[in-house]
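The sequence shown begins at 4 in the numbering used here and counts up by one.
Ideal Cβ positions, reconstructed from N, Cα and C, are used throughout, including at glycine.
These notes are about the structure you will find just below.
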Amino acid sequence: MSNSISDTTPEAADVQRAVWQRMTAAQRDEMAAQLSENVRTIAAEGVCRRHPNYSDDQVRLAVIKLQLGETLFAEAFPDCEIVP
């Protein structure tokens, strides 16, 4: 597996691949879940910085809108006008 643009040396990528291959499926799932949670936390922090007056619920909805995109969010929350 090679990338034309990478911030990781081939040697480091080989070590990373070897670690992933030794992990169980449950460990890889847990890592993916934690990474997803980290992304949501970072997105929420961005929303809070852009909209310091938002309530926790408004922040949650703004993050959901970022995840779903405009179209799906409008379908899921047709009466919600929130700016992420």
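Counting along the chain, where does the alpha helix (DSSP H) carrying residue i start and finish?
i, result
"D59", "59-71"
"I85", "Segment: none, I85 is in no alpha helix (DSSP H) and carries neither H nor E."
"N41", "28-53"
With a threshold of 7 Å on Cβ separation, who are the neighbours of residue i within its own chain once the five nearest residues in sequence on each side are excluded?
i, result
"C83", "L64"
"I45", "none"
According to DSSP, is residue i helix, strand or coil?
i, result
"D10", "coil"
"F80", "coil"
"M4", "With a pLDDT of 48 at M4, under the threshold of 50, the predicted position of this residue should be treated as unreliable, though the coordinate-derived value follows. M4 falls in the coil class under three-state DSSP."
Excluding five sequence neighbours on each side, which residues of the same chain lie with their C-beta closer than 6 Å to the C-beta of residue i?
i, result
"E73", "none"
Does the distance from the CB of residue i to the CB of residue j come in under 9 Å?
i, j, result
"A47", "V18", "no"
"V50", "L69", "yes"
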